[in-house]
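To keep things clear, I will list the structure first and then write my remarks on it.
In the numbering used here, the protein residues as written are 391 to 524.
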């Protein structure tokens, strides 16, 4: 049986929550509350050099990234693109108030009203899988 189709409003809200409410949120308490409402418990995130499983790993990788990049912020680079239960959002990352140094794309599969699978594409990845500032 096919998954129930998520509404465009739900997909947009989840994509923005992923970027701004989780990966851009420096408060662990606020971030963890958003993680619980945004991702399925068995979520899988595919990054260029890592695969993360579950809520605890999302908190860990987002916290590590923000701690390594003080003063850096994520910002959407355009609107969320939707196709069935997929959401796509381009983004920038860099020092607040300055030209972004990193850009990327998040592609999420929505199941049961939450992000089940997230693919993170990052521009400027080195052969070792590292990104300047990340």
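By construction, the Cβ of each residue, glycine as well, lies at the ideal position given by its N, Cα and C atoms.
N-terminal and C-terminal residue of the alpha helix (DSSP H) that residue i is part of
i           : result
residue 426 : 418–428
residue 440 : It is not in any alpha helix (DSSP H) - residue 440 instead sits in the beta strand (DSSP E) that spans 440–443.
Collapsed DSSP secondary structure at residue i in the structure displayed
i           : result
residue 394 : coil
residue 508 : strand
residue 412 : helix
residue 447 : helix
residue 516 : Interpretation of residue 516 is limited by its pLDDT of 43, a score under 50 that renders its predicted location unreliable; the figure taken from the coordinates is listed afterwards. If DSSP states are grouped into helix, strand and coil, residue 516 belongs with coil.
residue 479 : strand
residue 453 : helix
residue 431 : strand
residue 402 : helix
Cβ-Cβ distance between residue i and residue j below 8 Å
i           : j           : result
residue 492 : residue 435 : no
residue 438 : residue 505 : no
residue 425 : residue 448 : yes
residue 409 : residue 466 : yes
residue 412 : residue 406 : no
Backbone CA spacing between residue i and residue j [nearest angstrom]
i           : j           : result
residue 462 : residue 451 : 15 Å
residue 417 : residue 395 : 32 Å
residue 471 : residue 464 : 18 Å
residue 497 : residue 488 : 26 Å
residue 432 : residue 445 : 8 Å
Residue i - containing beta strand (DSSP E), residue span
i           : result
residue 501 : 492–501
residue 407 : Per DSSP, residue 407 belongs to no beta strand (DSSP E) and is neither H nor E.
residue 470 : No beta strand (DSSP E) contains residue 470, which DSSP labels as neither H nor E.
With three or more beta-carbon pairs closer than 8 Å as the criterion, would you say the stretch 469–479 touches the stretch 444–457? They do not touch, by the three-pair rule.
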